[in-house]
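Here's the structure we're looking at; comments come further down.
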Amino acid sequence: MTSIIIKKEYFEAPMRWARQYSAELWIGVASTVLAAIATLYSFMHQYTISYGDAESHLNIAKRVVDSLTPGFAQLGGIWLPLPHILLMPFVLNDYMWRTGLAGSVVSGAAFVISAIYIYKLTRVITGNKGAAIFSSAVFILNPNILYLQTTPMTELTLVAFFALSSYYFVRFLESEGNILMLIMAAGFGFYASLSRYDGWALVLMEAGVIFLYYFPWKIAWAKSKGSVRAFFAPRSPEPTVGRFARLEARLILFCSPAFLGIVMWLLWGYLILGDPLYFTHSQFSANSQQQSWHARGELPAYHNPWVSFLYYFVTTMSNGGVVVFLIGLAGLIAFSLDKKQRHRFFVILVLLVPFFFNVLTLFLGQSVIFIPGLTPLSFEWTLFNVRYGTMMVPAIALFAGYLFYKGRTPTKVLLCFLVAFQCVLFTIGFSPILALEDGVSGLSSATAKIPDAQNWLATHYDYGLILTDDFARTISIIRTPIPMKNVIYIGNKPYWEESLVAPEKYARWIVIQRNDVLWQNILADENTQGRLYKYFNRVYTAEEIQIFRRIDSTPGTQTTPEQATTTATTTGATAATSSPSSAPASASVVPQ
């Protein structure tokens, strides 16, 4: 009988080889591989640009570098600029712009950085390598995170800067005031504040923690005759004057770079748009959009603190997965009760910033979330903005890692099993991947409501400038062969303003959707409507969308912006004239 002997060193060799490299490197490799696989899957199923906002982010970056009026003014004044600036080098390539892969590169890199720094942050708090690896695994295996990192959405960009700033801030607390760590936290807080408005809440919270950390007195508790009383006690033997001086110095050192992004954005709004608070109340702001929901009675969390809390709590739980969320919640409780963690309440305040921020914005009516199970079925939509809950996945992962750290071996094995079980629940669809569902079929989706007019235009567009109200999302530019430099939208001055008065001046094509800006200023205005039918034929009609094409004086000739004014004059002298009454009223397509 032949026996096979496997020496013990054969098993030990791979482990020795693996230990030659740092855990951060292996986490970087693992997250990169997972990111690539998820991106390939998303790309093959055309999920990369399923979100309507995904295309908008791509288009903003594209307009800065390649449009009718390129320049940084195309960044606008609603969405914060950093995610679009990061996209700019990649959208120069038309294929990466149209497929959304430009966003996959940026979000994928942010995903890898986030995974590494969640590991590092957990390692700082627990001092345990295994717990840190567990935290990172919880993060990178979350399918909502994995999906969003394949898209041009801005959540992963903020998550990365949030993790970076939080890591260095906790290092600052743990090192008893290491100035370099504070500067690093402020620097990444600066980038977070230019990524999403949640970043503003982060730097505000960190500044508040610094104030509490250096404040000369603390609240102390004492028992006296069966009762408990609170009083202010000196935080240290250090003189009050010296403590205040350090407080002032640290606040100035932190706030100068950390709040610079906020100041820059307010200044940008004032210089470019004439209003530093343009993003809060313009017609394109989130607040203005929520007012339409409020008017219909479909803003359930507005001025209701309990409902605001409940909506974001359930959204967070759904994005994290119920099982993993409960693990994280148990870890949070254990962490808050661990008196050995001297700065635990400061750490909790920083990590829960996304929760505080989203509950507040829901309460104020600055944002809205619709999630199945909570949203009444009488509402027009029951799935919208659920991706906001992914902002809490890093905190869930960290507190889950802390519970892993505190548990004995059987507990650690159980936790690993439960995380694997949650992954199975996501895989079989028992736990829905809500971020993906919203992008594919929710109100956030661009693909769930693609009009036939877009397919028609993609087939029949030949050349020339096209006038469209981009804010109304009448058509998807990236899903047509139309070059971005051939699009006239509200940000193209003076082309847009002049086209509302004289639509024939620049455009060869006009796409109008019911009640959009072009409908109100051209089709509903008698004088401008006359010019429209004089110089254009209506070539496509649907219930909501009409497409007009210029009556060519010289068919086949490309109309450039420089030639547009001259062409308009020539066409006016030679083109056949038609009146509104003679225009086709109900035909789906007018023959070419």
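Numbering (the working numbering), first residue to last: 143 to 734. The C-beta atom is built at its ideal place from N, Cα and C for all residues, glycine as well.
In the structure shown, the three-state DSSP call for TRP523 is coil. Comparing alpha-carbon positions, the option among PHE401, ILE255 and THR211 lying closest to GLY350 turns out to be PHE401. Counting of Cβ neighbours within 10 angstroms places TRP435 among the buried residues, the total reaching 16 or more. Looking at the backbone, the Cα of ILE414 and that of ASP340 are separated by about 23 Å. Beta-bridge annotation (DSSP): THR610 is paired with VAL653. Within the same chain, and ignoring the five residues on either side of LEU354 in sequence, the residues whose Cβ sits closer than 8 Å to its Cβ are PHE488. ILE689 carries a strand assignment under DSSP once its states are collapsed to helix, strand and coil.
For SER587, the pairing in a beta bridge is given by DSSP as TYR193. Within the region 247-318, the complete alpha helix (DSSP H) runs of at least 4 residues fall at 271-282, 285-290 and 297-316. The three-state reading of DSSP puts PHE512 in strand, counting E and B together.
Along the length of the region 545-597, whole beta strand (DSSP E) runs at least 3 residues long do not occur. The bridge partners DSSP lists for THR616 come to none. The residue from ALA684, GLN688, VAL681 and TYR682 with its alpha-carbon nearest to that of ILE664 is GLN688. In the DSSP assignment, VAL681 falls within the unbroken beta strand (DSSP E) covering 678-683. Contact annotation: THR292 and TYR356 have beta-carbon atoms that are not nearer than 8 Å.
In the three-state scheme derived from DSSP, where H, G and I count as helix and E and B as strand, ILE469 is classed as helix.
In the structure shown, the three-state DSSP call for ILE630 is strand. Between LEU229 and LEU578, the alpha-carbon positions lie close to 22 Å from each other. Judged by beta-carbon spacing, GLY470 lies within the 8 Å limit of PHE541, meaning their Cβ atoms are closer than that value.
The region 508-526 makes contact with the region 418-435; the number of CB pairs closer than 8 Å reaches 3 or more. CA-to-CA, the gap between THR422 and LEU408 works out to about 11 Å.
For VAL466, the closest alpha carbon among the candidates ALA391, PHE253, MET534 and HIS187 is that of MET534. Taking C-beta atoms as the reference points, PRO645 and LEU609 count as a pair closer than 8 Å.
For the 8 Å CB-CB criterion, ASP195 and MET295 form a contact. Within the same chain, and ignoring the five residues on either side of ILE654 in sequence, the residues whose Cβ sits closer than 6 Å to its Cβ are LEU660, TRP661, LEU665 and GLN688. Rounded to whole angstroms, GLY462 and ASN527 show a C-alpha spacing of 15 Å. Three or more pairs of CB atoms, one per stretch, sit closer than 8 Å, so the region 253-265 contacts the region 302-320. Rounded to the nearest whole angstrom, the CA to CA distance from PRO514 to LEU557 is 28 Å. For GLY462, the uninterrupted alpha helix (DSSP H) run begins and ends at 447-462, by DSSP.
A check of alpha carbon separations from PRO399 across TYR444, ALA328, ARG392 and GLU297 identifies ALA328 as the nearest.
CA-to-CA, the gap between ASP480 and SER246 works out to about 40 Å. In this structure, the beta-carbon distance from PRO636 to ILE260 does not fall below 8 Å.
Residues of the same chain with a CB within less than 6 Å of the CB of ASP658, apart from the 5 flanking positions on each side, are ASP611 and ALA614 in chain order. Where HIS187 is concerned, there is no enclosing alpha helix (DSSP H), because DSSP gives it neither an H nor an E.
Counting only residues of its own chain and dropping the five nearest sequence neighbours on each side, SER278 has a CB closer than 6 Å to the CB of ILE169, ALA257, ILE260 and TYR261. For HIS199, the CB contacts under 8 Å within the same chain, skipping 5 residues up- and downstream, are TRP221, PRO225, HIS226, LEU229, GLY245, PRO294, MET295 and THR296 in chain order.
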